[in-house]
Amino acid sequence: MTTEAPLFLAIDQGGHSTRVVVADDAGREVASYAAPVATARDGERVEQQAEELLESVLGGLRTVAGELGGRAADVIAAGLAVQRASVVCWDRETGAALSPALSWMDRRGLPQLEAAGLDPGVVHERTGLYRSPHYGASKLAWCLQELPAVRRAADAGRLGLGPLSSYLVWQLSGGECYRVDATTAQRTLLWDRHARKWSPELCAAFGIPVDALPRVVDCDAGFGELAFGDRAVPLTRCAGDQGLVPTAYGAADDATVCVNAGTGAFVLMPVSGERLSERGLLLTLAWSGRDGPRWVEEGTVNGAASALTRAHAGDLPVEPGDGHDGYFLNGVGGLGSPWWIPDYPSRFLGDGSDPEERERLVLESIVYLIMANVARLQTAPERLLLTGGLSQRVRLCQSLADALDLPVDVPEDREATLRGTLAALSPTIAATDPGFHRAEPDRGAGERWRERQARWEALLLDGM
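Going by the numbering used here, the first residue of the sequence shown is number 1, and it counts up by one from there.
#1: So for Q13, helix, strand or coil by DSSP?
#2: How about R13 and V46: do their beta carbons lie closer than 7 angstroms?
#3: Around the Cβ of T263, are there at least 16 other Cβ atoms within 10 angstroms (buried) or fewer (exposed)?
#4: Grab me the residues of Q242's own chain with a C-beta within less than 7 angstroms of its C-beta, minus the 5 sequence neighbours each way, in chain order.
#5: How do the segment 162-170 and the segment 106-123 stand: do at least 3 beta-carbon pairs fall below 8 angstroms, yes or no?
#6: At least one CB of chain D closer than 7 angstroms to the CB of E278: is that the case?
#7: Kindly indicate which three-state DSSP category P111 falls into: helix, strand or coil?
#8: Which class does T2 belong to by DSSP, given the choice of helix, strand or coil?
#9: For P411, which of G420, R438 and L68 has the nearest alpha-carbon?
#10: Using a 10 Å radius around the Cβ and a threshold of 16 neighbouring Cβ atoms, would you call D402 buried or exposed?
#11: Going by beta carbon distance, what residues of the same chain come within less than 6 angstroms of C258, once the five residues before and after it are set aside?
#12: Could you tell me which residues DSSP puts in a beta bridge with Q48?
#13: Using three-state DSSP, classify I366 as helix, strand or coil.
#14: Beta-carbon within less than 6 angstroms of S288's beta-carbon, same chain only, minus the 5 sequence neighbours each way: which residues are those?
#15: Which whole-angstrom value describes the C-beta separation of Q49 and S103, a residue pair presumed to lie in contact below a C-beta threshold of 8 angstroms?
#16: Do V210 and P163 have their C-beta atoms within less than 7 angstroms of each other?
#17: Considering H312, what are the terminal residues of the alpha helix (DSSP H) in which it resides?
#18: Just to confirm, is the Cβ distance from D354 to G326 under 7 angstroms?
#19: Taking only three categories from DSSP, how would you classify C89?
#20: Please state whether the Cβ-Cβ distance between A205 and A116 is less than 7 angstroms.
#21: Between R19 and L418, how many whole angstroms is the CB-CB distance? I'm expecting something under 8 angstroms.
#22: Cβ atoms of G303 and G333: under 7 angstroms apart, would you say?
#23: Does the Cβ of L315 have 16 or more other Cβ atoms within 10 Å, making it buried, or fewer, making it exposed?
#24: Please check the pair R275 and Q378, which I expect to be a contact at CB under 8 angstroms, by giving their CB distance rounded to whole angstroms.
#25: Tell me the rounded alpha-carbon separation between P100 and G280.
#26: Determine the contact status of C238 and L80, defining contact as a CB-CB distance below 7 angstroms.
#27: Measure from the alpha carbon of Y135 to the alpha carbon of each residue in A286, G160 and L189, then state which is nearest.
#28: Checking the sheet assignment: what are the DSSP bridge partners for H437?
#29: Does the beta-carbon distance from P214 to V180 come in below 7 angstroms?
#30: Cutting at 8 angstroms between CB atoms, please list the residues of its own chain near L459, excluding the five before and the five after it.
#31: Going straight from the alpha carbon of D442 to that of R455, what length do you get?
#32: Under the rule that 16 or more other beta-carbon atoms within 10 Å means buried, what is E4, buried or exposed?
#33: Please name the residue, chosen from W90, V122, E125 and A137, that lies closest to P111 on a Cα-to-Cα basis.
#34: Taking just the CA atoms, how far does G222 sit from E64?
#35: In whole angstroms, give me the CA-to-CA distance for R28 and T421.
#36: Could you check what DSSP says for R231 in three-state terms: helix, strand or coil?
Here it is in structure tokens:
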């Protein structure tokens with residue numbers, strides 16, 4: 001029983017770190033935890049250890065409960081946000097992970113994707129997504145084909161498989177809750193947006209047993225209870241991380257485009273109904289709940305902070321330029337929307353030898369990719385909300401304002417996924433004002449950016 005004002009627990013399991021925060025009803029942080037998580041990369045393979053991700057969450061819960069002491073009893077509800085297209089296979093009898101956590105950046109399932117023989121138009125219309133090895137279906141197919149332990153568990157009826165969120169929910173609930181929220185189910189490329197359930201046809205195309213997949217439910221349907229200190233706290237909300245961004249700072253605004261820029265950069269624009277994009281963008285289910293679904297049009301830039309990391313490592317090729325002053329053709333992690341080329345060769349054109357010059361060219365490429373996606377939105381935005389780790393870079397903020405001729409607002413609390421998770425638990429938190437810093441566009445700079453972006457895009461397309 002609570003003795004003071006209620007508290008809310010938010011867990012954000014992301015690609016670079018796990019964060020756990022407890023906040024009061026005004027959104028004030030009471031206790032927090034953050035720990036990095038390791039990622040192994042080998043060509044198209046990008047993976048994490050499922051047990052490490054789970055332990056990072058459990059360690060965060062232990063640490064935060066210890067910080068709260070007696071106030072741990074005031075935590076009344078918890079929410080979980082998870083990277084969307086990462087998948088795991090595990091044994092539902094022993095709880096042991098049978099595969100790595102194949103990251104959303106992993107592309108090893110490309111042969112399985114091609115072997116499925118699916119019509120791109122049918123996939124887009126049914127799922128809202130485009131055929132891509134970044135999504136879960138081909139990675140789960142790879143696990144079933146290549147990992148004997150996964151096949152044995154499937155044959156024995158013990159296999160658990162699906163988005164990383166379903167693995168974490170199952171583990172946190174002590175094996176009692178085998179559910180997945182609809183927002184991460186969509187990211188498997190196996191979920192039918194019309195029927196609101198797993199598609200038997202899509203599952204059959206990838207050789208994935210429908211009865212082994214978790215039950216798909218709304219984001220607010222309840223996901224069991226998790227151990228917190230000496231008591232259990234109901235896990236009442238679960239959703240994919242990016243979909244929480246548009247409502248992290250209040251109600252979704254149909255005049256504001258959100259760009260959450262971390263490992264990747266995600267361009268998110270609310271849409272009414274389910275208006276399917278025909279210009280290379282995704283129709284993404286951002287939330288599914290008692291108040292109905294919320295959809296966004298989404299552009300995906302895979303190479304944001306991940307591209308900067310590669311540039312700093314100095315392992316990206318450099319090709320001679322043709323008299324221009326340098327570009328970076330950014331296909332790090334695969335070229336995402338609106339072109340969807342999973343194996344695009346990233347490279348510098350011109351001078352890529354100086355570290356500062358490499359960073360400048362990579363940041364410019366991120367701006368160009370965001371420009372390409374914003375230009376294809378069904379509704380022209382009037383404002384840009386920039387969040388995530390890269391929003392700390394003043395050059396990126398001002399460049400986006402100039403390039404798009406839009407004011408760019410950066411909240412003082414940049415952790416949009418955590419804040420969105422807390423806002424989903426408490427409407428009062430959603431209504432609090434975090435404070436914003438604004439970059440106003442230099443109206444004379446837009447034309448120069450558009451000319452240079454057009455040249456960059458021509459070079460990008462010439463390399464396909």
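We put the beta carbon where it would ideally sit given N, CA and C, even for glycine.
Keep in mind the model is a prediction, meaning the values are calculated, not measured.
By the coordinates alone:
#1: Taking the sequence shown and counting its residues from 1, the one referred to as residue 13 is at position 13. Three-state DSSP puts Q13 in a strand.
#2: Here the question's residue 13 lines up with position 13 in the sequence shown. Here the question's residue 46 lines up with position 46 in the sequence shown. It should be noted that the sequence gives Gln, not Arg, for residue 13. No, Cβ-Cβ distance for Q13 and V46 is not below 7 angstroms.
#3: Position 263 of the sequence shown, counted from the start, is the residue given in the question as residue 263. Buried, by the Cβ-count rule.
#4: Along the sequence shown, one-based indexing puts residue 242 at 242. R84, N260, F266 and L268.
#5: No, because fewer than three Cβ pairs between the segment 162-170 and the segment 106-123 fall closer than 8 angstroms, the two stretches do not touch.
#6: Although the question refers to chain D, the structure presented lacks it and comprises just one protein chain.
#7: For the purposes of this step, residue 111 is taken as residue 111 along the sequence shown, with counting starting at 1. It is helical.
#8: The residue labelled residue 2 in the question sits at position 2 within the sequence shown. Note that T2 scores 48 on pLDDT, short of 50, meaning its location in the model is unreliable; the coordinates nonetheless yield the value given after this. It is coil, neither helix nor strand.
#9: Here the question's residue 411 lines up with position 411 in the sequence shown. Between P411 and the set G420, R438 and L68, the nearest pair of CA atoms involves R438.
#10: Along the sequence shown, read from residue 1 onward, the residue named residue 402 stands at position 402. Buried, because 16 or more other Cβ atoms sit within 10 Å of the Cβ of D402.
#11: What you label residue 258 is simply residue 258 of the sequence shown in a count that begins at 1. Excluding sequence neighbours, C258 sits near V245, P246, L268 and L385.
#12: In the sequence shown, residue 48 corresponds to position 48, counting from 1. In the DSSP output, where bridge partners are listed per residue, Q48 has A101.
#13: Here the question's residue 366 lines up with position 366 in the sequence shown. In the three-state reduction of the DSSP assignment, I366 falls in the helix class, which pools H, G and I.
#14: Counting from 1 along the sequence shown, the entry for residue 288 is found at position 288. Taking S288 as the centre and dropping the five residues before and after it, the same chain places the C-beta of A182, D218 and C219 closer than 6 angstroms to its C-beta, in chain order.
#15: On the sequence shown, residue 49 is found 49 positions in, with the first residue counted as 1. On the sequence shown, residue 103 is found 103 positions in, with the first residue counted as 1. With 8 angstroms as the limit, Q49 and S103 do not qualify as a contact, their Cβ atoms being about 11 angstroms apart.
#16: For the purposes of this step, residue 210 is taken as residue 210 along the sequence shown, with counting starting at 1. For the purposes of this step, residue 163 is taken as residue 163 along the sequence shown, with counting starting at 1. Contact flag unset, no.
#17: Indexing the sequence shown from 1 puts residue 312 at position 312. Per DSSP, H312 belongs to the alpha helix (DSSP H) from A305 to A313.
#18: For the purposes of this step, residue 354 is taken as residue 354 along the sequence shown, with counting starting at 1. For the purposes of this step, residue 326 is taken as residue 326 along the sequence shown, with counting starting at 1. 7 angstroms or more divides the Cβ of D354 from the Cβ of G326.
#19: The residue given as residue 89 occupies position 89 in the sequence shown. Collapsing the DSSP output to three states places C89 in a strand.
#20: Translated into positions along the sequence shown, residue 205 becomes position 205. Translated into positions along the sequence shown, residue 116 becomes position 116. It is a contact, given that the beta carbons lie within the stated cut-off.
#21: On the sequence shown, position 19 is the one that residue 19 refers to. On the sequence shown, position 418 is the one that residue 418 refers to. Contact flag correct, Cβ pair sits at about 6 angstroms.
#22: Working through the sequence shown from its first residue, we reach residue 333 at position 333. Working through the sequence shown from its first residue, we reach residue 303 at position 303. Against a cut-off of 7 angstroms, the Cβ pair of G303 and G333 comes out as a contact.
#23: For the purposes of this step, residue 315 is taken as the residue at position 315 of the sequence shown. Before going on, a small fix: residue 315 reads as Asp here, not Leu. With fewer than 16 other Cβ atoms from the protein chains shown falling within 10 Å of its own Cβ, D315 counts as exposed.
#24: For the purposes of this step, residue 275 is identified with residue 275 of the sequence shown, where counting begins at 1. For the purposes of this step, residue 378 is identified with residue 378 of the sequence shown, where counting begins at 1. Indeed, because the Cβ distance is near 6 angstroms, the residues count as touching under 8 angstroms.
#25: The residue labelled residue 100 in the question sits at position 100 within the sequence shown. The residue labelled residue 280 in the question sits at position 280 within the sequence shown. Inter-residue distance for P100 and G280 is about 30 angstroms (C-alpha atoms, whole angstroms).
#26: Your numbering for residue 238 matches position 238 in the sequence shown. Your numbering for residue 80 matches position 80 in the sequence shown. In this structure, L80 lies closer than 7 angstroms to C238 by Cβ.
#27: Stepping through the sequence shown from its first residue, residue 135 is reached at position 135. Per the Cα distances, L189.
#28: Locating residue 437 in the sequence shown gives position 437, where the first residue counts as 1. H437 pairs with V410.
#29: The sequence position of residue 214 within the sequence shown is 214, counting from 1. The sequence position of residue 180 within the sequence shown is 180, counting from 1. Taking 7 angstroms as the Cβ cut-off, P214 and V180 qualify as a contacting pair.
#30: Within the sequence shown, residue 459 is the residue found at index 459, counting from 1. So the list reads Y327, L329 and L349, once near-sequence residues are dropped.
#31: Counted from its first residue, the sequence shown places residue 442 at position 442. Counted from its first residue, the sequence shown places residue 455 at position 455. D442 and R455: Cα-Cα distance of roughly 21 angstroms.
#32: Mapped onto the sequence shown, residue 4 falls at position 4. That one is exposed.
#33: Within the sequence shown, numbered from 1, the residue matching residue 111 stands at position 111. The closest CA to that of P111, considering only W90, V122, E125 and A137, is found on A137.
#34: In the sequence shown, the residue the question calls residue 64 occupies position 64. In the sequence shown, the residue the question calls residue 222 occupies position 222. Checking the sequence shown, residue 64 turns out to be Val, not Glu. Rounded to the nearest angstrom, the two C-alpha atoms are 22 angstroms apart.
#35: Taking the first residue of the sequence shown as position 1, residue 28 is located at position 28. Taking the first residue of the sequence shown as position 1, residue 421 is located at position 421. Distance between the alpha carbons of R28 and T421 is about 14 angstroms.
#36: By one-based count along the sequence shown, residue 231 stands at place 231. It is a strand residue.
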